[in-house]
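Here the structure comes first, spelled out in structure tokens, and everything after it is commentary.
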Amino acid sequence: MEFAGALRQAVQASGLTLERIRHRLGRRGLTVSVATLSYWQRGRSRPRSRTVVVALEEILQVPQGTLTDLLDDPAPTAAPARARRWARGRPAGR
Numbered sequence: 014m015e016f017a018g019a020l021r022q023a024v025q026a027s028g029l030t031l032e033r034i035r036h037r038l039g040r041r042g043l044t045v046s047v048a049t050l051s052y053w054q055r056g057r058s059r060p061r062s063r064t065v066v067v068a069l070e071e072i073l074q075v076p077q078g079t080l081t082d083l084l085d086d087p088a089p090t091a092a093p094a095r096a097r098r099w100a101r102g103r104p105a106g107r
């Protein structure tokens, strides 16, 4: 299973809203917006912080590694700005 699907299932099984999850992350000193959580569970983006994902596993009460192990799977990511400019034929820095 891919990260987005696993996160979506864990959120649904927890019965918590994304707002409640955001709040619980915030109490741990981790700032993640509801929009970001939504993007993660729809596969539009992936977490950059393993710390946040470990906290999500605890908050959602899923076994350790359920989500973090899926971060190691290769997934399409947005190309860095320099690579995107290069691909469009413009030198970086312009």
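Add 13 to the 1-based position in the sequence shown for my numbering, that's all there is to it. In this text, a Cβ means the ideal position worked out from N, Cα and C, and glycines have one as well.
- Residue burial is scored here from C-beta neighbours: R59 has at least 16 other C-beta atoms within 10 angstroms and is therefore classed as buried.
- In the three-state DSSP reduction, G56 falls in the coil class, being neither helix nor strand.
- Here the alpha carbons of V24 and T30 stand approximately 8 Å from one another.
- The stretch 70-83 makes no contact with the stretch 42-55: fewer than 3 CB pairs, one atom from each, lie closer than 8 Å.
- Going by beta carbons, A26 and G56 fall outside the 8 Å limit.
- Cβ contact annotation for S51 (same chain, cutoff 7 Å, sequence separation greater than five): L31, in chain order.
- S27: member of the alpha helix (DSSP H) spanning F16 to S27, first to last residue.
- Distance from the CA atom of A19 to the CA atom of R40, rounded to whole angstroms, is 23 Å.
- In its own chain, leaving out the 5 sequence neighbours on each side, no residue places its CB closer than 6 Å to the CB of M14.
- Of the other Cβ atoms in all chains shown, fewer than 16 fall within 10 Å of the Cβ of Q77; this residue is therefore exposed.
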